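**Q** Provided herewith is a single structure, encoded as structure tokens, for subsequent inquiry.
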Amino acid sequence: MPIVVHPSEILETIEMIRYLKFDIRATTLSLSLMDCVDSNPSNMMSKIEKKLKRILPSFVSIVDEVAERYQVPIVNKRLSITPLSILIEPYSSISLEYGTKVLLEISSLIDNIARECGINYVGGLSAYVARGTTPGDMVVISSIAEVISSTERLFSSVNAAQSGIGININSILDVSKQIKELSGRTPKGIGCTRLGVFANMPEDAPFLPAAHHGHNMPELALHIAISGPGVLEYAIKSRCQGKSLTELLEEIKRAVFKITRAGEFIGREIARRMGIRLCTVDLSLAPSPKIGDSVADIVEAMGIESFGAPGTLTSLALLTEALKRAGSMAATNVGGFSGVMLPGSEDLGLTEAFKRGSASIWTLIASCSICSTGLDMVCIPGDTPVEVIAGLISDVLSIGVINGKCLGVRLIPVPGAKPGDEVDFGGLLGKTVVLDVGRFTPKDFIARGGEIPHFKQRW
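At the far end of the sequence shown sits residue 490, using our numbering, and the numbering has no gaps.
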């Protein structure tokens, strides 16, 4: 069914793009590599190379054509692939050393092809380990630091907890060790920005590091991620003075519908030209380091004096409700995280709240009960013990498991940094301050290891 657009909506869309920082944050091509599996790793890599070089150039050119044709900024062109833990399973079963060797070769190959073809980022260094690990999973987890530090575009995601299954503390501790090692291998610990640990990780996310080609996906599919905090902030400031929270909700819904509809239209056009399906639109409200593109600023525009003050979680709940109600009406298929995102270094308003002292790491953890990412892109002191990192991750993942929602964690231990120090990663990664994690430790608790099961009614 064709999308019917009123002329006034066209004018509003032009205003959103030119003045209010609206953009398509990512077009993510989800691609299965299962047909490339071969008993000989050289043959498999040859098949992967041929498939990527056949598909990616046309994807990149079509995205550029659509962006030019409709004058809608598309920030990133991304690729999500079959989890590498699955592709290397046959070799890892022979020996972990052999599996590691193959993983490093495949990772380097994919990274190089992505660079040649103009793909910004690749997701797929992934493993699902909520209930335990296979040899392929073990190889991926033990090699994360080495793979990320030796590539430019590859992102890693580990699903260490799942509702109805539980929380794998052993795997969380193993990944925490990789976070610590990766921090030391890369300047300012920047490599850790490409590693996420998740509960209930979605199979259709366009956002990294979660993006990967899930089991329920067709061979080729397209995911769209939108971004428009500035549009919502403007709507609140210009049309909601003196209005009730109910009226505020309705105005936000109207703005969300507009930005989602624009994302749906662009996604459909790209998919049509490629001859594939637009699988999902991720409704997530994702900020950027640009001025006027902050979720924290939206919260403050609603009437919260400074992000983190009493009422912050309530305002986030209102925002989330409006986002999901309006977004699901504007998009045929909603997927990914589809919630409010609070990436520490990518939200200027949030960074200012840290500096003012109204928000802390505990504010972010509390927000995880409402947002889709709450402890994301958060810088912590470089000397933070591994057990504390594992404790922070397990706290967030526990919220996700108990509440049946997807949640992700990205922690960045910054070598030599102390609480309050400023860190600037540059570009879209932004800048922030190092947050205090406290002086107490969960060492003895985490050292017990094991898995914490979760009961979920299934019948």
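We treat Cβ as the ideally placed atom computed from N, Cα and C, and that holds for glycine.
Model, not experiment: these values are computed from the prediction.
How far does the beta strand (DSSP E) with Val-106 in it reach, from first residue to last?
**A** It spans 105-112 - the beta strand (DSSP E) in which Val-106 sits, taken as one unbroken run.
**Q** Just to confirm, is the Cβ distance from Val-153 to Ala-161 under 8 Å?
**A** no
**Q** State the Cα-Cα distance for the pair Ser-346 and Ile-322, rounded to the nearest angstrom.
**A** 21 Å
**Q** Can you name the start and end residues of the alpha helix (DSSP H) that Leu-279 belongs to?
**A** 276-305
**Q** Between which two residues does the alpha helix (DSSP H) carrying Cys-148 extend?
**A** 127-148
**Q** Taking the continuous beta strand (DSSP E) assigned at Ala-252, which residues delimit it?
**A** 251-258
**Q** Please report the Cβ distance between Ile-491 and Gly-197, rounded to the nearest whole angstrom; I am assuming they are in contact, meaning their Cβ atoms lie under 8 Å.
**A** Outside the modelled stretch of the chain, which goes from 32 to 490, sits residue 491, for which no answer is possible.
**Q** Ordered along the chain, which non-local residues of its own chain (more than five positions away) have a Cβ less than 8 Å from that of Pro-446?
**A** Excluding residues within five positions, the ones whose Cβ falls inside 8 Å are Ser-214, Gly-215, Lys-219, Gly-220, Gly-413.
**Q** Can you give the Cα-Cα distance for Asp-142 and Lys-268, rounded to whole angstroms?
**A** 44 Å
**Q** Give the C-beta separation of Gly-222 and Ile-179 to the nearest angstrom, bearing in mind that I take them to be a contact with Cβ-Cβ under 8 Å.
**A** 5 Å
**Q** Would you call the stretch 246-257 in contact with the stretch 52-71, where contact means no fewer than 3 C-beta pairs closer than 8 Å?
**A** yes
**Q** Compare the Cα-Cα distances from Ala-293 to each of Ile-307, Ala-357, Ile-203 and report the closest residue.
**A** Per the Cα distances, Ala-357.
**Q** Since Met-408 sits in a beta bridge, which residues does DSSP pair it with?
**A** For Met-408, which the question treats as bridged, DSSP gives no partner whatsoever.
**Q** Return the residue from the list Asp-95, Val-464, Ala-384, Arg-441 that minimises the CA-CA distance to Ser-203.
**A** Before going on, a small fix: residue 203 reads as Ile here, not Ser. The shortest Cα separation from Ile-203 among Asp-95, Val-464, Ala-384, Arg-441 belongs to Arg-441.
**Q** Run through the DSSP bridge pairs and tell me what Lys-462 is partnered with.
**A** Asp-455
**Q** Taking the alpha carbon of Leu-466 as the reference point, which residue from Phe-385, Lys-436, Ile-396, Gly-480 has its own alpha carbon closest?
**A** Phe-385
**Q** Just checking my contact of Lys-462 with Phe-456 at CB under 8 Å: how many whole Å lie between their CB atoms?
**A** 7 Å
**Q** What residue from Gly-370, Ile-257, Gly-163, Ile-137 has the CA that sits closest to Ser-77's CA?
**A** Ile-137
**Q** In the structure shown, what three-state DSSP assignment does Ile-401 receive?
**A** coil
**Q** Taking DSSP's pairing of strands, which residues face Gln-102 in a bridge?
**A** Partner residues in a beta bridge of Gln-102, as assigned by DSSP, do not exist.
**Q** Are Ser-369 and Ser-319 touching if we call contact CB-CB under 8 Å?
**A** no
**Q** Could you pull the start and end residues of the beta strand (DSSP E) that Phe-1 belongs to?
**A** Lying outside 32 to 490, the shown extent of the chain, residue 1 is not represented and no answer is given.
**Q** Quick check on the burial criterion: 16 or more other C-beta atoms within 10 angstroms. Buried or exposed for Lys-284?
**A** buried
**Q** Rounding to the nearest angstrom, what Cα-Cα distance links Gly-435 and Ala-230 in this structure?
**A** 9 Å
**Q** Per DSSP, what are the beta-bridge partners of Ser-157 in this structure?
**A** Ser-188
**Q** Whose C-beta lies closer than 8 Å to the C-beta of Ser-187 among residues of the same chain, with five residues either side of it excluded?
**A** Leu-156, Ser-157, Val-171, Ile-175, Val-178, Ile-179, Arg-225, Leu-226, Gly-227, Pro-240
**Q** From the DSSP output, which residues share a beta bridge with Ile-198?
**A** Ala-192, Ile-483
**Q** Going along the chain, which residues of its own chain have a beta-carbon closer than 6 Å to the beta-carbon of Tyr-50, five neighbours each way excluded?
**A** Note that Tyr-50 scores a pLDDT of 46, beneath 50, so its modelled location is shaky and nothing firm can be said.
**Q** Determine the DSSP secondary structure at Phe-471, reduced to helix, strand or coil.
**A** Coil at Phe-471, not helix or strand.
**Q** Which residues mark the beginning and the end of the beta strand (DSSP E) in which Val-432 is found?
**A** Val-432 -> not in any beta strand (DSSP E); alpha helix (DSSP H) instead, spanning 417-434.
**Q** Go ahead and pull the three-state DSSP assignment for Leu-438.
**A** strand
**Q** Would you say Ile-410 and Asn-364 are within 8 Å of each other, going by their C-beta atoms?
**A** Reading off the sequence, residue 410 comes out as Cys, not Ile. Against a cut-off of 8 Å, the Cβ pair of Asn-364 and Cys-410 comes out as no contact.
**Q** When DSSP builds the beta bridges, which residues end up paired with Leu-309?
**A** Partner(s): Leu-253.
**Q** Between the Cα of Ile-257 and those of Cys-271, Val-330, Ser-124, Lys-289, spot the shortest distance and give me the residue it belongs to.
**A** Nearest of Cys-271, Val-330, Ser-124, Lys-289 to Ile-257, Cα basis: Lys-289.
**Q** Give every residue of the same chain whose Cβ lies closer than 7 Å to the Cβ of Val-298, excluding the five residues on either side of it in the sequence, and list them in chain order.
**A** One detail in the question is off: residue 298 reads as Gly in this sequence, not Val. So the list reads Leu-253, Ile-255, Leu-309, Val-312, once near-sequence residues are dropped.
**Q** Would Gly-559 pass as a contact of Asp-324 if the rule is Cβ separation under 8 Å?
**A** The structure shown does not extend to residue 559, since the chain spans only 32 to 490, so no value can be given for it.
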